[in-house]
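As numbered in mature numbering (1 follows the signal peptide of the UniProt record, and there is no 0), residues -33 to -1, 1 to 156 make up the sequence shown, in order. Before any comments, here is the structure.
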Amino acid sequence: MTCNGHATHRWFGFGRFSALVVSVMLVIAPAQANPAAALPPGPKENLAQWVEGDTATLEAVVAKDLDAQAWQAELQGIEPSEALAALADYLSLNLPAEPAGSDVASMLAGLPADGKELYLRDCLSCHGGDRYFLQQDNSIDEWMGIFDAPYHRRLLTESLERETFASYAAHTVPLTLETVPEELQDRAD
């Protein structure tokens, strides 16, 4: 399969090697004091890996206007399927976009925040992450329902942020970490 004339890239999903890498990351993450390191990759991280530093491929991707199903077909081979679904939803909600920057990192930084970025920015400071996020097994609609609560109505009000967060959350959790990093532990109620 190709994307705008470029051969599709080998995806380094959650095969045996990647499962080992993730396991090692989860063991190391608490020592790093970085809550992002303990979470599954966000859609923009997965997109960066897929384009492998090729700005032309990224420019072609962000110019497209496809629905989630078409994105899943376009990005076939990304594993696990949850990562593919979260990326396809993110792209269908937030593209097309005008790329800004001269390298993949700056171009991705110019795109709307993905669900992982939104969670780290807007949710983690109040809730922690274990019981309120990592252990939740909710559909996209159930995650959207949290914004009905009076104390959540003011959150994620820009464009499609709520849908972007809900999609990432529904596709990536529940997730059980052997050791929950301090930064992801629940706040005292």
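Where is the CB? At the ideal position from N, CA and C, for every residue including glycine.
8 Å CB neighbourhood of residue i in its chain, flanking five on each side removed
i      : result
Gln39  : Leu51, Ala52, Ala55
Pro141 : Leu101, Gln102, Gln103, Asp104
Same chain, Cβ closer than 6 Å to residue i, neighbours up to 5 away in sequence not counted
i       : result
Val(-7) : Residue placement at Val(-7) is flagged as unreliable, the pLDDT there being 45, under the threshold of 50; the coordinate-derived value follows with that caveat. None.
Start-to-end residues for the alpha helix (DSSP H) that takes in residue i
i      : result
Glu19  : Where Glu19 is concerned, there is no enclosing alpha helix (DSSP H), given that its DSSP letter is neither H nor E.
Asp56  : 48 to 61
Val71  : 71 to 76
Thr139 : 128 to 139
Cys93  : 91 to 94
Gln39  : 35 to 41
Residue i (DSSP reduced to helix, strand or coil)
i      : result
Ala116 : coil
Pro10  : helix
Arg121 : coil
Val29  : helix
Asp97  : helix
Contact check, residue i vs residue j, beta carbons under 8 Å
i      : j     : result
Thr131 : Pro79 : yes
Pro63  : Ala30 : yes
Reference residue i, options the options, closest by Cα
i      : options                    : result
Gly9   : Lys83, Gly96, Asp21, Leu33 : Lys83
Ser126 : Thr139, Leu85, Ala5, Leu14 : Leu85
Close Cβ partners of residue i (< 7 Å) along its chain, the five nearest in sequence each way excluded
i     : result
Ala35 : Ala55, Asp56, Ser59
Glu49 : His138, Thr139
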